[in-house]
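Enquirer: Have a look at this one.
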Amino acid sequence: MEVNLSGKVAMVTGGAQGIGRAIALELARNWADLVINDLDRSAAEALAREITTQKRRVLVAIADVADYAAIKRAVSDAMTQFGKIDILVNNAGWDKGIIPFLKTDPTDWQKVIAINLTGVLNCTHTVASEMSQRKSGKIINISSDAGRGGSFGEAVYSSCKSGVIALTKTWAREFARDRIRVNCICPGLVDTPLLAKLKQDELGKKVLDRIEQVMLLGLGKPEDIANAVLFLASEESNHVTGQVLSVSGGLTFQG
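Structure (structure tokens):
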């Protein structure tokens with residue numbers, strides 16, 4: 028898919044590797060300028076150098092999405108450099124592993140919730156406040172098919188991703204008057220460093236290999252998610268809001 032995002036500024040959280048990296052590259056390839064948010068400065072700066080070879084402007088924003096004050100500073104820096112953010116991709120996510128709920132503890136829950144749910148709240152609250160003043164914007168939340176049907180060993184992660192789906196629908200209603208479109212993408216299993224990490228223990232590999240066997244089209248690639256993001260970021264999706272799109276190789280079917 029080829030679209031022209033020239034003049035648009037996109038902020039991608041967790042944008043330095045895996046799915047986020049593919050999203051940032053695809054948006055840049057279609058002429059968007061980028062704000063790359065991540066905690067890994069080395070990876071973010073390497074990606075920024077790659078994107079600048081495409082003659083796109085890039086800001087590296089090192090900030091923890093779970094830290095509201097840090098995200099406010101990052102968005103302020105983006106506003107200083109670019110004057111606006113047109114597209115927000117809430118992609119940052121994390122899970123400790125495939126662990127049955129009764130073997131987890133509150134410390135684990137708090138970190139999963141902070142990154143996967145609170146982070147989406149922090150970034151959207153900050154960026155949408157600016158978008159509402161301009162009466163324009165696209166917010167694309169990266170949830171998970173785990174949020175649609177649950178996932179063994181990922182109770183808190185799944186509940187967070189379900190929460191992101193609910194936020195998507197609620198924000199679509201609240202922000203429509205300001206012409207801000209809010210949509211959600213639910214990946215299945217995608218070939219990323221996080222997936223490889225989750226497969227390092229015996230239970231994780233067993234559970235995830237079984238899920239992969241159910242996926243009618245097999246394991247996804249980060250570029251599969253990036254292509255869906257590109258559509259939702261483009262003007263071709265201007266009449267789409269409040270929608271949840273599974274890009275999961277047929278892992279789940281939703282009516």
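The sequence shown begins at 28 in the numbering used here and counts up one residue at a time. Glycine included, every Cβ here is placed at the ideal spot set by N, Cα and C. Keep in mind the model is a prediction, meaning the values are calculated, not measured.
(1) How about the segment 189-205 and the segment 125-136: do they share at least three Cβ pairs that are nearer than 8 Å?
(2) Can you tell me whether DSSP reads Gly247 as helix, strand or coil?
(3) Looking at Asn117: is its Cβ nearer than 7 Å to the Cβ of Thr40?
(4) Can you tell me whether DSSP reads Leu278 as helix, strand or coil?
(5) Name the residue from Asp91, Val87, Gly120, Trp121 whose alpha carbon lies nearest to the alpha carbon of Met106.
(6) Run the CB neighbour count on Gly34, radius 10 Å, all protein chains shown included, and call it buried at 16 or more, exposed below.
(7) Could you name the residues of the same chain whose beta carbon sits closer than 7 Å to that of Leu243, not counting the 5 residues immediately before and after it, in chain order?
(8) Considering only C-alpha positions, which residue in the set Asp94, His152, Asp65 is nearest to Val209?
(9) What are the start and end residues of the beta strand (DSSP E) that includes Asp65?
(10) Since Ile125 and Ile169 are thought to touch, with beta carbons under 8 Å apart, how far apart are those beta carbons, to the nearest angstrom?
(11) Let me know if Gly110 comes out buried or exposed under the rule of 16 or more other beta-carbons within 10 Å of its beta-carbon.
(12) Residue range of the beta strand (DSSP E) that Leu86 falls in?
(13) With three or more C-beta pairs closer than 8 Å as the rule, is the segment 249-268 touching the segment 43-58?
(14) Label Met28 either buried or exposed according to how many other C-beta atoms from any shown protein chain fall within 10 Å of its C-beta, with 16 as the threshold for buried.
(15) Go through its chain and collect everything with a Cβ distance to Asp251's Cβ below 6 Å, but skip five positions before and after it.
(16) Is Asn118 near the ligand SAM, going by C-beta to nearest heavy atom under 6 Å?
(17) Take the Cβ of Phe202 as the centre, count every other Cβ of all protein chains shown within 10 Å, and call the residue buried at 16 or more, exposed below.
(18) Using CA atoms only, rank isn't needed, just tell me which of Leu74, Gln81, Arg175 is closest to Gln270.
Expert: In brief:
(1) no
(2) strand
(3) yes
(4) coil
(5) Val87
(6) exposed
(7) Gly276, Gly277
(8) His152
(9) 60-65
(10) Going by Cβ atoms, the distance from Ile125 to Ile169 rounds to 20 Å, so no, they are not a contact pair.
(11) exposed
(12) 85-89
(13) yes
(14) exposed
(15) Val274
(16) The ligand SAM is absent from the structure shown, which contains no ligands of any kind.
(17) buried
(18) Arg175
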